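Numbering (the working numbering), first residue to last: 73 to 718.
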């Protein structure tokens with residue numbers, strides 16, 4: 073056997089001979105077979121691998137030849153992982169049981185998603201399929217072949233490997249070019265290339281109605297409805313009409329929501345607690361598919377049996393999230409964290425004596441001890457994270473006490489004793505996620521967008537000037553960083569580097585990848601790993617003069633490369649040269665006020681142009697104080713004098 077990573081979303085286990093699919097995959101839900109596989113996150117240089125769900129819950133597929141098992145992450149793989157396969161659990165097609173297997177794989181999720189193809193699940197949707205699961209659909213623009221705008225919107229269920237484009241408002245049988253900027257995978261890697269361009273077309277009509285395949289209780293107060301295809305709830309009027317979704321005779325329609333990652337599932341939560349056999353009815357027209365086809369009436373009898381099994385801890389890890397350290401605890405089922413639980417973290421102090429720090433859990437308020445769901449989906453998670461940011465760098469053990477969480481049926485979790493918790497020593501230079509805005513950055517992100525041409529990077533420690541001002545240590549995908557400078561100073565105002573982007577290098581509004589690497593702290597310690605974020609940038613293509621024409625004896629009309637404005641009539645934008653020399657008769661030129669953007673702009677001369685002036689030749693030169701700009705605030709650039717024609 074051999075283990076390898078395809079990308080940050082998938083691991084591959086290769087067998088030397090074909091294996092029986094039923095021994096590795098649960099046919100009921102397509103997850104790894106319960107109890108066969110274990111995937112443990114390992115720590116490298118004090119940094120834990122990204123936490124993934126318990127292996128029993130991870131989706132998997134087996135190749136047609138039965139030799140390659142592909143395991144899909146619920147979030148993404150990044151770091152070192154140890155895979156265990158239990159002895160005598162996996163069988164070959166002839167029934168031979170395989171021995172136990174263990175190995176370690178290192179995954180560095182730097183692979184960028186790429187477009188595979190475009191398919192059409194219905195007549196109103198074009199599906200852009202990617203090479204791996206995505207977390208964000210980016211910004212979308214669309215045009216017909218003749219250049220006119222088309223109305224297309226994008227949607228993504230995070231974790232899916234496709235972006236759906238809504239073609240409802242598109243003219244049928246006409247090619248539409250769609251540009252997607254800033255789409256990214258679960259790790260945050262942007263697509264390659266970015267932007268992505270595809271051609272789509274509205275096709276034939278889908279007339280198949282969605283059907284109810286199953287109804288499954290998930291607690292005494294909630295159940296799931298599984299449909300044959302992706303759906304959205306019916307119109308507001310339909311949803312609020314009593315009797316669309318019923319438990320017995322009780323209307324629960326208003327408590328129904330479509331799953332954010334799987335639109336074939338409807339969650340009904342917060343109903344009055346029930347038990348035993350119940351009749352659930354989904355009336356006609358309660359749901360519609362993506363082409364507008366409504367469902368037919370369906371009734372099913374389901375058993376809300378009581379769950380009395382306590383949730384158990386499956387694994388733990390220490391993770392840094394938005395620059396805060398958390399203890400992440402994974403359980404074998406969906407859970408809810410509880411307040412007021414005492415966690416005693418024991419360690420050996422510098423005198424060799426046993427010492428301890430106690431943390432009390434809270435479910436809100438932030439700060440030390442706050443316990444909340446970790447990476448919840450539709451409000452549910454099998455993991456919690458506990459804020460331990462104030463714990464010193466030590467090797468701890470802690471008992472995860474009984475009742476730290478409850479499952480969805482109200483059962484207290486079991487005690488988990490002597491859990492090892494390692495708090496790493498102080499890090500090297502790193503980008504600071506300045507959530508409180510004290511340094512002018514309030515977006516929980518280390519990179520601050522100031523304007524179309526300026527970014528600021530916030531660091532945690534004093535800066536080594538040489539490495540901090542080396543422009544090549546900063547990259548913005550698709551743009552050019554022309555300059556890196558210390559912003560304000562390198563002391564009490566924070567450790568901030570201001571980046572200048574070269575004009576004309578951001579051509580489309582959208583999300584772009586920003587990477588910071590090799591910057592050192594003042595004592596010479598460099599960043600351990602590159603920091604990458606995605607930032608929403610506005611295009612910085614500057615307007616230029618395409619043509620300057622003398623349209624009256626005292627009037628010059630300028631034509632720009634794009635629509636421009638001029639806030640108020642002024643004389644500090646241009647000067648007139650006659651024969652290459654500024655003359656007293658036309659010492660000033662007035663630029664007309666223009667608050668509605670247009671490609672032309674009028675200049676009024678101080679004196680009429682004479683035949684002698686024309687013979688010498690006229691040209692327009694921009695002043696340093698020019699403030700003519702496009703809709704995004706990019707000021708016009710006129711690098712050299714522009715000849716004025718008649």
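Note that the Cβ used here is the ideal one computed from N, Cα and C, for glycine as well.
As the structure is a computational prediction, the values presented were derived from the model and not from experiment.
Within the continuous alpha helix (DSSP H) that includes residue 539, where are the two ends? 537-540
Measure the alpha-carbon distance for residue 347 versus residue 413 and round it to whole angstroms. 30 Å
Between residue 524 and residue 238, what straight-line distance do the alpha-carbon atoms span, to the nearest angstrom? 30 Å
Could you tell me which uninterrupted beta strand (DSSP E) segments, each at least 3 residues in length, are contained entirely in the region 82-135, listed from first to last along the chain? 82-86, 109-113, 132-134
For the pair the region 358-367 and the region 186-202, tell me if three or more CB-CB distances fall below 8 Å. yes
How would you write the range of the beta strand (DSSP E) that residue 695 sits in, first residue to last? From DSSP, residue 695 is part of no beta strand (DSSP E); its letter is neither H nor E.
Inter-residue Cα distance where the pair is residue 701 and residue 255: 29 Å
Same chain, Cβ closer than 6 Å to residue 311, neighbours up to 5 away in sequence not counted: Annotation note: pLDDT 48 at residue 311 (below 50); position unreliable, no value reported.
With DSSP as the reference, label residue 323 as helix, strand or coil. strand
Can you check the region 383-446 for any alpha helix (DSSP H) of at least 4 residues that lies completely inside it and give the ranges in chain order? none
Identify which residue in 556, 611, 144 has its Cα closest to the Cα of residue 571. 556
Output yes or no for whether 8 Å exceeds the beta carbon distance between residue 531 and residue 591. yes
Three Cβ pairs or more, each shorter than 8 Å: is that satisfied between the region 347-359 and the region 369-384? yes
From the DSSP output, in three-state form, read off residue 687 for me. helix
Exposed or buried, residue 271, counting other C-beta atoms within 10 Å across all chains shown (16 or more means buried)? exposed
Coil, strand or helix - residue 545 by DSSP: helix
In whole angstroms, what separates the C-alpha of residue 176 from that of residue 153? 6 Å
Identity of the residue in 113, 94, 114 nearest residue 106 by Cα: 94
For a test of the three-state rule: what should DSSP assign to residue 312, helix, strand or coil? With a pLDDT of only 48 at residue 312, under 50, the local geometry of the prediction cannot be trusted, and no value is derived from it.
Can you name the start and end residues of the beta strand (DSSP E) that residue 677 belongs to? 666-677
Unbroken beta strand (DSSP E) run spanning residue 152, endpoints: 151-157
Give the range of the beta strand (DSSP E) segment to which residue 533 is assigned. Per DSSP, residue 533 belongs to no beta strand (DSSP E) and is neither H nor E.
Could you have a look at residue 711 and say whether DSSP puts it in helix, strand or coil? coil
Can you tell me the Cβ-Cβ gap for residue 521 and residue 607, rounded? I've got them flagged as a contact below 8 Å. 5 Å
May I ask you to report which of helix, strand or coil DSSP gives residue 656? helix
From residue 602 to residue 697, what distance separates their C-alpha atoms? 39 Å
Could you name the residues that DSSP lists as bridge partners for residue 459? 398
How about the region 215-229 and the region 106-124: do they share at least three Cβ pairs that are nearer than 8 Å? no
Should residue 243 be counted as a contact of the ligand PLP given a C-beta to heavy atom distance under 7 Å? No copy of the ligand PLP appears in this structure; indeed no ligand is present at all.
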